[in-house]
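Protein chains in written order, with the numbering used here: chain A, 1 to 62; chain B, 63 to 239.
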Amino acid sequence: MTRQELADALGVHYQTIGYLERGEYSPSLLLALRIAKVFDRRVEEIFSITPLGEASPEREER
Amino acid sequence: MGTEREKRFYWVEGVTRDEVVKSLSDQRPTRLRERGVRRALVVVYSGLVVLLPAIEVLIQGRKVRSYLEIFALAGLVLLYFVLRRSVRHIGDTPDELLDERLISLRNAAYLIAYRWLAAAVLPFMVVFYRLGGQETQGAQLVSGVVVPLMMLAAALPSVVLAWQLPSERLEEVAGKE
């Protein structure tokens, strides 16, 4: 899927997708949920308050 | 009906729906969206805004003053439209045509523009009193104070965006994967 296709699916500007990918823009809850819906994933699988791939404190406790 | 909708003119913002949509979806690379070029536009625009009152205060010859005024005014009007294009009309676009990131960028620009405008009024008031003390015609007050202040106010959101926005990334311009 190209940035343009994803942008069209979400109704946002194509550059906004680039900003989201680079972590330079934090989406609103509504946009995050819409992105999750497009990819058929849960929102926490796509967005995280810690860099993705890095172990969160909660995980370490478990 | 669809064409009428595309041609809708937003009176308050001074843009048409069509020009905004075209500007936002334009993916052709252009030097106009490089930070250096945008900042150069801002510097020249600001220079012309300062030039107009300076002409009124400093130039005594009526003919020379008129020619310089026309030159500065034409430059201001031309650059106003170029500045708006350089920031994809974001500064003058209503919410319904922008996404949430662009709306927040535009709103932040308006906040800064308001503060700059408040500061800019002071030197213009000095010029107003300087011109008011002379045997000045009303036209001189209009060209030296009212017009540049109005042009500054109208362009400030785009000026702020042009100064702050980074250069557009090449891979984004193509909108590729």
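Using N, Cα and C, we set each Cβ at its ideal position, and we do this for glycine too.
All values derive from a computational prediction rather than experimental measurement.
Hey, Leu-114/B and Val-209/B are a contact pair by Cβ (cut 8 Å); roughly how many whole angstroms apart?
The residue you call residue 114/B lines up with position 52 of the second sequence. The residue you call residue 209/B lines up with position 147 of the second sequence. Leu-114/B to Val-209/B, Cβ: 7 Å. Contact.
Taking the beta carbon of Ser-205/B as the centre, do at least 16 other beta carbons fall within 10 Å, making it buried, or is it exposed?
Position 143 of the second sequence, counted from the start, is the residue given in the question as residue 205/B. With 16 or more Cβ atoms within 10 Å of its Cβ, Ser-205/B is classed as buried.
What's the gap between the Cα of Glu-158/B and the Cα of Thr-2/A?
Numbered from 1 along the second sequence, position 96 holds the residue referred to as residue 158/B. Numbered from 1 along the first sequence, position 2 holds the residue referred to as residue 2/A. Answer to the nearest angstrom: the Cα atoms are 24 Å apart.
Do you know offhand how far Leu-214/B's Cα is from Val-105/B's?
Position 152 of the second sequence holds residue 214/B. Position 43 of the second sequence holds residue 105/B. Roughly 12 Å between the two C-alpha positions.
Buried or exposed: Thr-92/B, going by 16 or more other Cβ atoms within 10 Å of its Cβ?
Stepping through the second sequence from its first residue, residue 92/B is reached at position 30. The residue is exposed, with fewer than 16 neighbouring Cβ atoms inside 10 Å.
What are the boundary residues of the alpha helix (DSSP H) that Val-12/A is part of?
Stepping through the first sequence from its first residue, residue 12/A is reached at position 12. Note, Val-12/A: premise wrong, no alpha helix (DSSP H); not H, not E.
Using beta carbons (cut-off 8 Å, strictly below), is Arg-231/B in contact with chain A?
Residue mapping note: residue 231/B aligns to position 169 of the second sequence, counting from 1. Output row for Arg-231/B: interface = yes.
Under 8 Å between C-beta atoms, does Thr-16/A make it to chain B?
By one-based count along the first sequence, residue 16/A stands at place 16. So yes, Thr-16/A belongs to the interface.
If we ignore side chains and look at the alpha-carbon of each, how far apart do Arg-124/B and Val-82/B end up?
Locating residue 124/B in the second sequence gives position 62, where the first residue counts as 1. Locating residue 82/B in the second sequence gives position 20, where the first residue counts as 1. Distance between the alpha carbons of Arg-124/B and Val-82/B is about 41 Å.
Interface partners of Val-12/A on chain B, CB under 8 Å:
Translated into positions along the first sequence, residue 12/A becomes position 12. Correct list: Asp-161, Glu-162, Arg-163.
By the three-class DSSP mapping on this structure, what secondary structure does Phe-47/A have?
As a position in the first sequence, residue 47/A is number 47, starting the count at 1. Phe-47/A falls in the coil class under three-state DSSP.
Kindly identify the DSSP beta-bridge partner or partners of Val-77/B.
Counted from its first residue, the second sequence places residue 77/B at position 15. Per DSSP, Tyr-72/B.
Leaving out the 5 sequence neighbours to the left and right, which residues in its chain are closer than 8 Å to Ile-223/B when beta-carbon positions are compared?
Taking the first residue of the second sequence as 1, we reach residue 223/B at position 161. The displayed chain sequence assigns Leu, not Ile, to residue 223/B. Within the same chain, Leu-223/B has close Cβ partners Val-149, Ile-152, Gly-153, Leu-167, Arg-168, Ala-171.
Ser-28/A versus chain B: which residues are under 9 Å apart at the beta carbon?
Here residue 28/A is taken as the residue at index 28 of the first sequence, counted from 1. Neighbourhood of Ser-28/A in chain B, by CB distance below 9 Å: Glu-162, in chain order.
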